[in-house]
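Asks:
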Amino acid sequence: MMYSEKVMDHFQNPRNVGEIEDASGVGTVGNAKCGDIMRVYLDIDENQMIRDVKFKTFGCGAAVATSSMATELVKGKSIQDAMKVTNQVVMEALDGLPPVKVHCSLLAEEAIHAALWDYAQKHEIKIEGLEKPKSDIHEDEEEEDEEY
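Residue 2 is where the sequence shown starts when you use our numbering, and the numbers rise one by one after that.
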């Protein structure tokens, strides 16, 4: 399996690792199938700009790399701009991911959305295009491949 140099760089030197005390929003998502868990902390100012973002990821190298890149892409951005950081954007920024690791980029997108959702709930605001996050990104898929 070949990873791009950018993926390797973000895996070996992840940006924005850690926690934010009294974060404006915290989102945790997991993927039961591969056991990856990602938690994102957002510090959002009164103008709805993301001042700071940190993450903790328990998972494979690609999961660490995608969360690192995703946090880089939303840092300093408005909430609306952060909403545009899809898993596709994250993958392109990393110069692609092997097909079996695409779900990791989805996890990064979901974790940021979950943190934004938490922020929106606390402040009783609605964020355009944001839906209630799933706790597990596979919960709406058919459970027919259990026997493997």
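Using N, Cα and C, we set each Cβ at its ideal position, and we do this for glycine too. This one's a predicted model, so the numbers in the text were calculated from it and none came from an experiment.
Can you list, in chain order, the residues of its chain whose CB lies under 6 Å from that of residue 115, leaving out five sequence neighbours each side?
Replies: As a position in the sequence shown, residue 115 is number 114, starting the count at 1. Here the set comprises 28, 30 and 134.
Asks: Between residue 69 and the rest of its own chain, which residues show a CB-CB distance below 6 Å, the 5 nearest in sequence each way excluded?
Replies: Numbered from its first residue, the sequence shown carries residue 69 at position 68. Same-chain partners within the cutoff: 11, 15 and 16.
Asks: In this structure, what does DSSP give as the bridge partners for residue 150?
Replies: The question about residue 150 has no answer here: the residues shown for the chain are numbered 2 through 149.
Asks: Here's a check: name, in chain order, each residue in its chain whose Cβ is nearer than 6 Å to the Cβ of residue 52, leaving out the five neighbours to either side.
Replies: Start at 1 with the first residue of the sequence shown, and residue 52 comes out as number 51. Once the five neighbours on either side are set aside, the close Cβ partners of residue 52 are 44 and 46.
Asks: With distances taken between CB atoms, is the gap from residue 26 to residue 119 smaller than 8 Å?
Replies: Within the sequence shown, numbered from 1, the residue matching residue 26 stands at position 25. Within the sequence shown, numbered from 1, the residue matching residue 119 stands at position 118. A contact, by the Cβ cut-off of 8 Å.
Asks: Name, in chain order, the residues that DSSP records as bridge partners for residue 32.
Replies: The count along the sequence shown starts at 1 and reaches residue 32 at position 31. Its beta-bridge partners are 37.
Asks: Taking only three categories from DSSP, how would you classify residue 44?
Replies: Stepping through the sequence shown from its first residue, residue 44 is reached at position 43. Residue state, collapsed to three classes: strand.
Asks: Helix, strand or coil: which one does DSSP assign to residue 91?
Replies: Locating residue 91 in the sequence shown gives position 90, counting from the first residue. DSSP places residue 91 in helix when its eight states are reduced to three.
Asks: Would you list the residues sitting across from residue 58 in a DSSP beta bridge?
Replies: Working through the sequence shown from its first residue, we reach residue 58 at position 57. Answer by DSSP bridge pairing, in chain order: 39.
Asks: Under three-state DSSP, which class holds residue 27?
Replies: Sequence index remark: in the sequence shown, residue 27 carries index 26 (1-based). In the structure shown, residue 27 sits in a strand (DSSP, three-state: E or B).
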